[in-house]
Amino acid sequence: MPYCFISLGSNIAPEENCQLMLLALRSLSPNLAISRIIRTEPVGIASSNHFLNGVVRLQTGQRPAE
Numbered sequence: 459m460p461y462c463f464i465s466l467g468s469n470i471a472p473e474e475n476c477q478l479m480l481l482a483l484r485s486l487s488p489n490l491a492i493s494r495i496i497r498t499e500p501v502g503i504a505s506s507n508h509f510l511n512g513v514v515r516l517q518t519g520q521r522p523a524e
């Protein structure tokens with residue numbers, strides 16, 4: 459099965475939203491590889507909220523268009 463890489467990021471309730479994203483992705487593929495989640499400053503936007511960012515690798519039987 460091919461691998462899919464998905465970038466994650468949120469600056470709105472980032473801890474909660476990143477956990478929800480991971481739960482949703484685990485329902486599609488229980489065998490996730492998750493990068494370290496890092497806190498970053500906003501770039502190119504006016505925001506006082508930090509971002510949480512990471513990458514997830516999962517295996518999927520779906521095609522890229524799906």
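Whatever position you read off the sequence shown (first residue = 1), add 458 for this note's numbering.
All residues carry an ideal CB built from backbone N, CA and C; glycine is no exception.
Residue i burial status per 10 Å Cβ neighbour count (16 or more: buried)
{"i": "Asn466", "result": "The question names Asn, yet the displayed sequence has Leu at residue 466. Flag for Leu466 reads buried."}
{"i": "Leu478", "result": "exposed"}
Beta-ladder partner(s) of residue i, from DSSP
{"i": "Thr518", "result": "In DSSP, Thr518 forms no bridge with anything."}
Separation of residue j from residue i, as counted between CA atoms
{"i": "Gln517", "j": "Ser505", "result": "34 Å"}
{"i": "Leu480", "j": "His508", "result": "19 Å"}
{"i": "Gly519", "j": "Val501", "result": "35 Å"}
{"i": "Ala499", "j": "Val514", "result": "Reading the sequence as shown, one finds Glu at residue 499 and not Ala. Glu499 and Val514: Cα-Cα distance of roughly 21 Å."}
{"i": "Gly512", "j": "Arg521", "result": "23 Å"}
* To do: Identify every run of the beta strand (DSSP E) within the region 468-520, keeping only runs that are complete inside it and at least 3 residues long; order them along the chain.
  => Scanning the region 468-520 from its first residue to its last, the whole beta strand (DSSP E) runs of 3-plus residues come out as 496-498, 509-517.
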